[in-house]
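Chemist: Following the working numbering, the numbering of the sequence shown begins with 162 at its first residue and continues without gaps. Following this message is one structure expressed as structure tokens.
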Amino acid sequence: RRYAAAAAIGKRLYVVGGYDGRQRMNSVECLDLSQENATWQPVASLTYRRALPGVCVHQNLIYVCGGFDGSLRLASTECYDEKTDVWTIGEDMHVGREGAGLVSIDDHLYCIGGYDGLSLLQTVEKYDINLGRWSQMAPMLTPRSGAGCATIDHYIFACGGFDGTIHLSSVERYDSQTNQWTNVTSMSVRRCYCGSAFIRGRIAVIGGYDGTSLLDTVEVYDSDKDEWTIESQMLTPRCDSGFACVAYRQ
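Right under this line is the structure:
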């Protein structure tokens, strides 16, 4: 599948939605890396078909919002509890969007940028998990779809993406305590529809597309130094893929 999202709970990796070349998908599969000879297993399907949804994990629940069902950019939100193998529907966002980032800080989700079918978005919405309500927050400085988004403490970083004209290397940082965005040091490579993850105190941004080529490079951001470094390469260039971080040893 292409245009899928990925999330990890412990050593279990979930792949959510996507596109199989014929239709947008609502199926979900899980790989339990704690088991020997693990294979992908189906779990409960999403309520709605979604390609390029936002996804994140909060307190061992998987949250999914937005995406494209083949006709509409979705505003709906779903939450998966692996203990019951059930998806539940939450409140809709104010704007339907695909290609948005989704991260969590404290008991809030932040849905960042994306594409609504007409425009690339710089808008940001915050979901109060306890109240089940979305509210609009300060917009980014630049419209971004397909940005790699990750958190460090109470900060959100939106890395790269596409603004409708240019594939971006620029990076913005959001302070959830002051509701303000500021620019930080740009990546060394333009990239959109890349993966991102918080690993060992730093942010890794993985693969993507620079407007000409698919990328296999991985950049890592040190927030203390406000500095990016190229650290490694994947075996295969990738974009539009689901990425998640699992602590795993063979």
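Each residue gets a CB set at the ideal place from its N, CA and C atoms; glycine is no exception.
(1) If you check the beta carbons only, do Ser-306 and Gly-356 fall under 8 Å apart?
(2) With a threshold of 7 Å on Cβ separation, who are the neighbours of Gly-325 within its own chain once the five nearest residues in sequence on each side are excluded?
(3) Identify which residue in Glu-243, Asp-336, Phe-318 has its Cα closest to the Cα of Ser-330.
(4) Hey, how far is the Cα of Gln-220 from the Cα of Ile-266?
(5) What are the boundary residues of the beta strand (DSSP E) that Phe-323 is part of?
(6) By DSSP, does His-255 sit in helix, in strand, or in coil?
(7) I want to know whether the segment 340-359 touches the segment 384-392 - three or more CB-CB distances under 8 Å.
(8) Distance, Cα to Cα, Tyr-224 vs Asp-371?
(9) I'd like the ranges of any beta strand (DSSP E) spanning at least 3 consecutive residues and lying wholly in the segment 281-305.
(10) Inspect the beta-carbon positions of Leu-376 and Cys-406 and report whether they are closer than 8 Å.
(11) How big is the Cα-Cα spacing for His-315 and Asn-340?
(12) Which of helix, strand or coil does DSSP assign to Tyr-354?
(13) For Trp-201, which residues in the same chain have their Cβ closer than 6 Å to its Cβ, ignoring the five residues on either side in sequence?
(14) Nearest by alpha-carbon distance to Gly-321: which of Gln-338, Gln-283, His-269, Gly-293 is it?
(15) Taking the alpha-carbon of Gly-179 as reference, which of Ile-170, Trp-248, Gly-309, Gly-231 has the nearest alpha-carbon?
(16) For Leu-192, write down the residues that DSSP places opposite it in a beta bridge.
(17) With DSSP as the reference, identify every bridge partner of Thr-390, one or two as the case may be.
(18) Cβ atoms of Val-379 and Ala-358: under 8 Å apart, would you say?
Modeler: This is what the structure gives:
(1) no
(2) Beyond the five residues adjoining it in sequence on each side, Gly-325 comes within less than 7 Å, by CB distance, of Leu-281, Pro-304 in the same chain, given in chain order.
(3) Of Glu-243, Asp-336, Phe-318, the residue nearest in Cα terms is Phe-318.
(4) 11 Å
(5) 316-323
(6) coil
(7) yes
(8) 28 Å
(9) 281-289, 294-298
(10) Contact check for Leu-376 against Cys-406 fails: the beta carbons are separated by 8 Å or more.
(11) 11 Å
(12) coil
(13) Glu-190, Leu-192
(14) Gln-283
(15) For the set Ile-170, Trp-248, Gly-309, Gly-231, the Cα lying nearest the Cα of Gly-179 is the one of Gly-231.
(16) Leu-174
(17) Val-381
(18) no
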